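Under numbering that gives the first Met the number 0, the residues of the sequence shown are numbered 0 to 69, in order. Where a beta carbon is used, it is the ideal one built from N, C-alpha and C, also for glycine. The model shown is predicted, which means the values in this text are computed figures rather than measured ones. Here is the structure we will look at.
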Amino acid sequence: MKYPPQEYTGNIINDINEAKIYEYALDESIDLGINYFNEIKNYLKETQINLYNLKYHQAYKPYKPHTRSL
0 MKYPPQEYTG
10 NIINDINEAK
20 IYEYALDESI
30 DLGINYFNEI
40 KNYLKETQIN
50 LYNLKYHQAY
60 KPYKPHTRSL
């Protein structure tokens, strides 16, 4: 683990004083999560293009109902 947890020894005040504070741990976690999902999104776009040989905007055209009468 990049940021190891502080084990509880029974003396909470002593544990708090000895614990390290990682100011940017939450920011790093958010950035890693966003980058991970961006990689997945890019992979899915590439897979779609390779499998169907279509671009994203070609595959998803807005639905237009028929205007002609039968």
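query	result
Alpha carbon of Ile44 to alpha carbon of Tyr35, nearest angstrom	Here the sequence assigns Lys to residue 44, which means Ile is not the residue at that position. C-alpha separation (whole angstroms): 14 Å.
Rounded Cβ spacing between Tyr2 and Ala24 (contact assumed at less than 8 Å)	5 Å
Where Gln47 sits in the DSSP three-state scheme	helix
Spatial distance of Ile33 from Glu17 (CA atoms)	32 Å
Local conformation of Tyr7 per DSSP, three classes	coil
Own chain partners of Asp14 with C-beta closer than 7 Å, once the 5 adjacent residues on each side are dropped	Gln5, Tyr7 and Thr8
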